[in-house]
């Protein structure tokens with residue numbers, strides 16, 4: 660419902676999710692990363708789906724993605740790429756790393 664809420668889409672803020680964003684933002688901002696890639700992928704996807712614009716959170720999530728880029732599967736690379744593009748986050752460094760990692764795994768990609 661929230662992803663379809665026009666007032667949320669307009670400003671990216673909603674009191675219903677501010678607490679959740681803080682729960683994710685604070686540990687990431689302190690450098691306490693996710694334990695596995697599923698947390699990174701799920702969080703990235705959810706933030707993109709909600710069109711979240713919290714710069715501090717997106718910067719911390721970018722740093723986490725950079726750290727884990729070498730262990731992401733093909734599907735995870737696609738999801739991270741989409742999520743950060745949708746949020747207009749990640750910057751050139753993350754995009755370059757995703758490109759390099761994708762090229763190195765090109766033989767693993769398949770059309771389903």
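Numbering (the numbering used here), first residue to last: 660 to 771.
Note that beta-carbon positions come from the ideal geometry of N, C-alpha and C, so glycine has one too.
Since the model is a prediction, treat every value here as computed from it, not as a measurement.
Nearest-angstrom Cβ-Cβ length linking residue i and residue j, presumed shorter than 8 Å
{"i": "residue 697", "j": "residue 719", "result": "Contact flag wrong, Cβ pair sits at about 18 Å."}
{"i": "residue 716", "j": "residue 687", "result": "7 Å"}
{"i": "residue 757", "j": "residue 728", "result": "7 Å"}
{"i": "residue 704", "j": "residue 748", "result": "About 13 Å; that fails the 8 Å criterion."}
{"i": "residue 739", "j": "residue 724", "result": "6 Å"}
Near the ligand ZN: residue i beta-carbon under 7 Å from a heavy atom
{"i": "residue 696", "result": "The ligand ZN is not among the ligands present in this structure, which contains no ligands whatsoever."}
Residue i burial status per 10 Å Cβ neighbour count (16 or more: buried)
{"i": "residue 726", "result": "exposed"}
{"i": "residue 695", "result": "exposed"}
{"i": "residue 706", "result": "buried"}
{"i": "residue 709", "result": "buried"}
{"i": "residue 752", "result": "exposed"}
Cutoff 7 Å; reference residue i; Cβ partners in own chain excluding five residues on either side
{"i": "residue 761", "result": "736"}
{"i": "residue 768", "result": "733"}
{"i": "residue 681", "result": "none"}
{"i": "residue 692", "result": "723 and 726"}
Close-in-space but distant-in-sequence residues of the same chain around residue i (CB under 6 Å, 5 per side omitted)
{"i": "residue 764", "result": "733"}
{"i": "residue 766", "result": "none"}
{"i": "residue 745", "result": "707"}
Best match in the options for proximity to residue i [C-alpha to C-alpha]
{"i": "residue 750", "options": "714, 692 and 730", "result": "714"}
Beta-carbon contacts of residue i that lie in its chain and below 8 Å, excluding the five residues immediately before and after
{"i": "residue 730", "result": "696"}
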